[in-house]
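Q: My structure is below; once you've seen it, I'll send some questions.
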Amino acid sequence: MLKYILTNIGLVLGLVIGVPFLFIFLLSTINHRTKQQIANRFGVGGQIGFGFLGIIIHETSHLIVALVFGHHVDQVRLLRIPSAENNSLGYVHHTWNSRNLYQNMGNLFIGVAPIFGCCLATLLLAKFTIPEIYQSLVTATQQSFSQMTFMMPAFSWPSMLIFLVVAANICIGGFDLSQADFQNSKQGFWQAVTFLVLVTLVISVTPLQAGFFSLLSHLTMIIVVVSLFNLLISIIMNLIFRFI
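Counting from 1, one number per residue, gives the positions in the sequence shown under the UniProt record's numbering.
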């Protein structure tokens, strides 16, 4: 029984924290390098021109998740022109009750919220500009890991170009997590782990476990497919700005 529970705990932590944070690291690292390439070639202000949509979505994601977890939002700036004194492109300043488990745990998700916000934005963009590819992605999320396949359907090149231009703007400006974002996430990491362990312990001794793990696997598949899609876009943009 103990081995079974420990296995379940490892599975939950791997699927809920391990898999998403692997993609968070990859997406943030690649797009941080892309922004550096843009800044080196076009100046710091070039990051706004090539990534203003992503910056707005980035800060909006912080804001929404901060409100969901009951944080008090003091100041918000969705987009700003960087200066010599302050190179910030936007910010959300928030405070919370350090004795509140829910609010503390929220820091983990507030810090990484832009990754999920930008992934959702590019997915919605695909739905309206390249619906054939969007439908293929949806189909892929309904398969198991071992059976996952993706076939590139026919699509309209003008629509694809529109998608790539807008998606590039979202990726460049939105996926790059700052050191402050990572530090904020660390503050809620152990509270989130503790909560997940407790939930898994309860679920493991109830009839709900089969449905719970089935739902968790499906959600993880969605995260994997959407993240791979955005990772591909990010790599393409990184290569383009590396060689232009």
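In this text, a Cβ means the ideal position worked out from N, Cα and C, and glycines have one as well.
1) Please work out which residues of its chain come closer than 7 Å, Cβ to Cβ, to V225, disregarding the five sequence neighbours upstream and downstream, and give them in chain order.
2) Using the C-alpha atoms, what's the distance from Q183 back to P82?
3) Thinking C-beta only, is F155 closer than 8 Å to S234?
4) Mind checking E85: buried by the 16 CB within 10 Å criterion, or exposed?
5) Does the distance from the CB of G188 to the CB of N107 come in under 8 Å?
6) For the alpha helix (DSSP H) that contains H32, what are its first and last residues?
7) In this structure, does DSSP put V73 in helix, strand or coil?
8) Does the region 3-16 come into contact with the region 207-216, if we say contact requires no fewer than three beta-carbon pairs (one atom in each stretch) closer than 8 Å?
9) In this structure, how does DSSP classify V92 when only helix, strand and coil are distinguished?
10) With respect to the alpha helix (DSSP H) encompassing R242, which residues constitute its N-terminal and C-terminal limits?
11) Just to confirm my understanding: we take I222, look at its own chain, exclude 5 residues before and 5 after, and list those with CB closer than 7 Å. What are they?
12) For my contact list, T60 and G117 are in at a C-beta cut-off of 8 Å; report their separation, rounded to the angstrom.
13) If you count every other CB in all the chains shown that lies within 10 Å of the CB of Q103, and 16 or more means buried, which is it?
14) Looking at I162: is its Cβ nearer than 8 Å to the Cβ of T129?
15) Report yes or no: is there a C-beta of chain C within less than 8 Å of the C-beta of T122?
16) Compute the Euclidean distance between the alpha carbons of V16 and T220, then round it to the nearest angstrom.
17) State the start and end residues of the unbroken alpha helix (DSSP H) segment that holds E132.
18) Assuming F23 and F69 make a contact with CB atoms under 8 Å, what is their CB distance in whole Å?
19) Just to confirm, does R33 get its C-beta within under 7 Å of one of the non-hydrogen atoms of the ligand FMN?
20) If G173 sits next to F52, beta carbons under 8 Å apart, how far is it from one beta carbon to the other, in whole angstroms?
21) Suppose contacts are defined by Cβ-Cβ distances below 8 Å. Is V92 in contact with A121 by that definition?
A: Well, looking at it:
1) L137, A140, T141.
2) 22 Å
3) Result no, Cβ atoms of S234 and F155 do not sit closer than 8 Å.
4) Classification for E85: exposed.
5) yes
6) 19-42
7) strand
8) yes
9) strand
10) DSSP places R242 inside the alpha helix (DSSP H), whose first and last residues are 209-243.
11) T141
12) So it is a contact: roughly 7 Å between Cβ atoms.
13) buried
14) yes
15) Looking at the structure shown, chain C is missing, and only one protein chain is on hand.
16) 7 Å
17) Per DSSP, E132 belongs to the alpha helix (DSSP H) from 131-141.
18) With a Cβ gap of about 22 Å, F23 and F69 do not count as contacting.
19) In the structure shown, the ligand FMN is absent, as is every other ligand, since no ligand is present at all.
20) The pair is a contact, with the Cβ atoms about 6 Å apart (cut-off 8 Å).
21) no
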